[in-house]
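*Asks:* Quick one: this structure, given as structure tokens, is what I'll be asking you about.
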Amino acid sequence: MPVHARPLLPMLRRWAAAALVLLLALGGGVVRAEGISLTHLSLQRLDAGLTLDFNIRVELPRVVEDALQRGVPMYFVAEATVYRHRWYWRDERVARATRVWRLAWQPLTRSYRVSFGGLNQSFETLSEALAAVRGVAHWKIADAAQLDADSRYYVEFSYRLDTSALPRPMQIGLAGQADWTLSVERTLRIE
25 MPVHARPLLP MLRRWAAAAL VLLLALGGGV VRAEGISLTH LSLQRLDAGL
75 TLDFNIRVEL PRVVEDALQR GVPMYFVAEA TVYRHRWYWR DERVARATRV
125 WRLAWQPLTR SYRVSFGGLN QSFETLSEAL AAVRGVAHWK IADAAQLDAD
175 SRYYVEFSYR LDTSALPRPM QIGLAGQADW TLSVERTLRI E
């Protein structure tokens with residue numbers, strides 16, 4: 025190799041490595057953020073009790089979306105637990121509230137169905153169905169009688185894809201797979 029070409033090689037290698045890292049980061053031009061992220065979370069202490077508002081952004085990984093298309097229903101769970109702070113012992117759990125949404129693909133009608141309690145609603149696209157499971161406004165999580173005016177409280181909030189509700193054969197191989205671990209958790213103090 026000629027002597028004048030040697031300084032050029034390390035620079036070309038660095039440039040090629042940077043281009044490769046950029047290509048891998050962009051996924052070949054397709055950027056898709058998968059998972060669950062919290063976009064809004066707030067508490068309100070009213071005369072009737074404590075209410076919670078939240079909004080979640082949900083992007084299902086390809087594996088979860090494929091299972092949904094094959095007829096496996098997905099369950100999304102929102103949990104809020106209210107604790108009273110105690111300096112002398114463990115914090116006391118005052119109230120707990122849970123909401124569960126069931127998302128399923130209906131092959132006969134070629135639509136997605138979201139079930140919440142006894143209510144069912146059909147949607148034509150997956151994005152419309154996910155919009156129905158991503159937020160709640162004025163969710164009452166504790167009654168006013170459960171909260172003292174002179175005590176300090178905090179709320180532990182979580183939203184997740186419940187893999188324990190999947191069929192048993194599917195649960196066997198999910199233990200270490202990051203695609204199925206969709207959750208977000210936050211703790212808020214009540215002012």
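So the sequence shown is numbered by this note's numbering: it starts at 25 and just counts up by one.
Every residue, glycine too, gets a C-beta built ideally from N, C-alpha and C.
Cβ atoms of I80 and R184: under 8 Å apart, would you say?
*Replies:* No, Cβ-Cβ distance for R184 and I80 is not below 8 Å.
*Asks:* Of all the options R120, G141, T149, which has the alpha carbon lying nearest to the alpha carbon of R134?
*Replies:* When only C-alpha atoms are compared, the closest one is T149.
*Asks:* Figure out for me which residue from L212, A189, L65, M194 has the closest Cα to the Cα of V87.
*Replies:* Closest option to V87, Cα to Cα, is M194.
*Asks:* Please say whether L62 and R210 have beta carbons closer to each other than 8 Å?
*Replies:* Contact: yes.
*Asks:* So is I165 buried or exposed if we call it buried at 16+ other beta carbons inside 10 Å?
*Replies:* Buried, since its Cβ has 16 or more Cβ neighbours within 10 Å.
*Asks:* Report the CB separation of R137 from S151 in whole angstroms; it is logged as a contact under 8 Å.
*Replies:* So it is not a contact: roughly 15 Å between Cβ atoms.
*Asks:* Kindly provide the ranges of any alpha helix (DSSP H) runs that are 4 or more residues long and lie completely inside the segment 86-112, ordered along the chain.
*Replies:* Entirely contained in the segment 86-112, the alpha helix (DSSP H) runs reaching 4 residues are, in chain order, 86-93.
*Asks:* Give the range of the alpha helix (DSSP H) segment to which L70 is assigned.
*Replies:* L70 -> no alpha helix (DSSP H), and no H or E assigned at all.
*Asks:* Measure from the alpha carbon of R123 to the alpha carbon of each residue in D174, W111, G142, then state which is nearest.
*Replies:* Closest by alpha carbon: G142.
*Asks:* Out of A169, S207, D172, D203, point me to the one whose CA is closest to F181's CA.
*Replies:* That would be S207, whose Cα lies nearest to the Cα of F181.
*Asks:* Could you spell out the range, first to last residue, of the beta strand (DSSP E) harbouring A128?
*Replies:* Segment 116-130, the beta strand (DSSP E) holding A128.
*Asks:* With a Cβ-Cβ cutoff of 8 Å, do T105 and V179 count as a contact?
*Replies:* Going by C-beta atoms, T105 is nearer than 8 Å to V179.
*Asks:* In this structure, how does DSSP classify S151 when only helix, strand and coil are distinguished?
*Replies:* In the structure shown, S151 sits in a helix (DSSP, three-state: H, G or I).
*Asks:* So what does DSSP say about Q145, is it helix, strand or coil?
*Replies:* Residue state, collapsed to three classes: strand.
*Asks:* Give the DSSP-derived three-state secondary structure of A173 in the structure shown.
*Replies:* Here A173 sits in coil by DSSP.
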